[in-house]
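Reading through the structure tokens given below for one structure.
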Amino acid sequence: MANEGSSSAALGEREYELVLGLNESDSGWVEARTHCDHLLSALSVSDLSHIPPPYYPCTRCEHPTENWLCLSCKDVLCGRFINRHMLEHFQKTDHCLALSFSDLSVWCFKCDAYLDAQAILPLQPVYEIAHLLKFGESPPVRTLEEPPTA
Numbered sequence: 184m185a186n187e188g189s190s191s192a193a194l195g196e197r198e199y200e201l202v203l204g205l206n207e208s209d210s211g212w213v214e215a216r217t218h219c220d221h222l223l224s225a226l227s228v229s230d231l232s233h234i235p236p237p238y239y240p241c242t243r244c245e246h247p248t249e250n251w252l253c254l255s256c257k258d259v260l261c262g263r264f265i266n267r268h269m270l271e272h273f274q275k276t277d278h279c280l281a282l283s284f285s286d287l288s289v290w291c292f293k294c295d296a297y298l299d300a301q302a303i304l305p306l307q308p309v310y311e312i313a314h315l316l317k318f319g320e321s322p323p324v325r326t327l328e329e330p331p332t333a
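Residue numbers (my numbering): 184 to 333.
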């Protein structure tokens with residue numbers, strides 16, 4: 184995502200492959216990471232009452248959709264396919280963690296990867312609040328699959 188330019192250069196090489204579904208067993212499925220070295224320094228969960236609702240517009244251009252919540256300062260900015268304000272915010276502030284209001288996924292700009300917000304304990308509170316704000320209910324509890332019995 185940090186690359187600038189046209190066509191595939193506008194996206195990081197890895198991100199471009201993910202958007203096209205390459206190198207992910209031809210299924211288009213992206214495996215979210217369950218660990219991120221930037222979490223403790225970038226995540227601010229001290230006051231989750233300041234999370235705006237998922238329909239909140241970009242604070243720079245007021246675009247109503249495809250917006251991301253900065254998990255460091257709680258600013259809401261549009262994604263790379265709109266006006267790239269979240270990417271610019273990362274480049275200026277080094278705030279690397281963002282939650283998508285579209286699908287509640289979490290992206291780390293430094294890892295250049297999605298993070299599993301349900302599996303990473305420090306991300307669970309912000310994910311749960313965002314889910315509650317978006318759907319009016321707590322997220323379903325994710326369980327580990329039991330191995331089949333013989």
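Each residue gets a CB set at the ideal place from its N, CA and C atoms; glycine is no exception.
- Annotation: Tyr297 is outside any alpha helix (DSSP H); the continuous beta strand (DSSP E) that includes it extends over 296-298.
- With contacts defined as CB atoms closer than 7 Å, Cys244 and Asn250 fail to qualify as a contacting pair.
- DSSP places Leu280 inside the beta strand (DSSP E), whose first and last residues are 280-283.
- Uninterrupted alpha helix (DSSP H) stretches at least 4 residues long and entirely within the region 223-278 occur at 268-276, given in chain order.
- Between the region 287-299 and the region 216-232 there are three or more C-beta pairs closer than 8 Å, enough to call the two in contact.
- Ranked by Cα distance from Leu226, the options Glu320, Val324, Trp290 are led by Trp290.
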